[in-house]
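Under my numbering, the letters of the sequence shown match residues 160 to 338, in that order.
Each residue gets a CB set at the ideal place from its N, CA and C atoms; glycine is no exception.
Each remark here refers to the structure printed beneath this line.
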Amino acid sequence: MSGELGCIDVPSLRWEQPKWTQRLHRLVCGETVYATMEWPQAFRSTAVSNSREGRYTFKRGGFLHPFITVRRQEFEMEIAKLSLDWKGSGELLFTNAQRFTFARDGLVRFDYQVTDHRGALLFSLKKEMSAIKHSGEVHITPAGLDHRDIALLVTIAWYLAVMVTEDAAAASSASVASG
């Protein structure tokens, strides 16, 4: 595997976490790495994504009204905000007025479908359930493959799925401990 990230040009990709002891995730197809995401500090919500489109940071905030902010790493200026509802679905709004919908499939799974402002499906994310390592599959539609920000959108969706999974695991552990 080379150090250069590939341009997303395939419809099926896989998120993998090579080591369960590290919060490093890779978006791959075969031997090609298309994006990475890493949480540099343990027990923090800030993650750094890296793709051919650039380096971005994602950070979760809010409690009653949860949200995720997106920033270009080199400028540290917010470029988008994903506002979430109680089910984990939400709308991503960029500062240039682009809008995307992140719809969670049910309350038990951590799967998402992402559509553009016209309602056209760009991709779906199916997260595999595991208590130890995160992994999942991404299926990109032809409309998604043509979208210039597809790598950024896919990494935001993965960040969301991982954070929701970790929140659910923490809540489950807390209820068992207090039980």
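Bridge partners for V242 per DSSP, in chain order? By one-based count along the sequence shown, residue 242 stands at place 83. Correcting the residue type first, residue 242 is Ser in the shown sequence and not Val. Partner(s): F226, E250.
Between G189, T191, R230, S204, which has its C-alpha nearest V323's C-alpha? Counted from its first residue, the sequence shown places residue 323 at position 164. Per the Cα distances, S204.
Does K292 pass the burial test, meaning 16 or more other C-beta atoms within 10 Å, or should it be called exposed? Sequence index remark: in the sequence shown, residue 292 carries index 133 (1-based). When all chains shown are included, K292 counts as exposed.
L304 lies in the beta strand (DSSP E); which residues open and close that run? The residue given as residue 304 occupies position 145 in the sequence shown. Here L304 belongs to no beta strand (DSSP E); instead the alpha helix (DSSP H) covers 301-304.
Name the two residues that bound the continuous beta strand (DSSP E) containing W174. Mapped onto the sequence shown, residue 174 falls at position 15. Segment 171-175, the beta strand (DSSP E) holding W174.
C-alpha gap between G303 and F259, whole angstroms: As a working mapping, residue 303 is identified with position 144 in the sequence shown. As a working mapping, residue 259 is identified with position 100 in the sequence shown. Cα-Cα distance, rounded: 12 Å.
Which same chain residues, not among the five before or five after K246, have their C-beta less than 6 Å away from its C-beta? As a first step, residue 246 must be located in the sequence shown, where it is residue number 87. If we look at K246 and ignore the five residues flanking it on each side, its Cβ neighbours are R263.
6 Å Cβ shell around T274 - same chain, five flanking residues per side excluded: Start at 1 with the first residue of the sequence shown, and residue 274 comes out as number 115. Within the same chain, T274 has close Cβ partners T260, L280.
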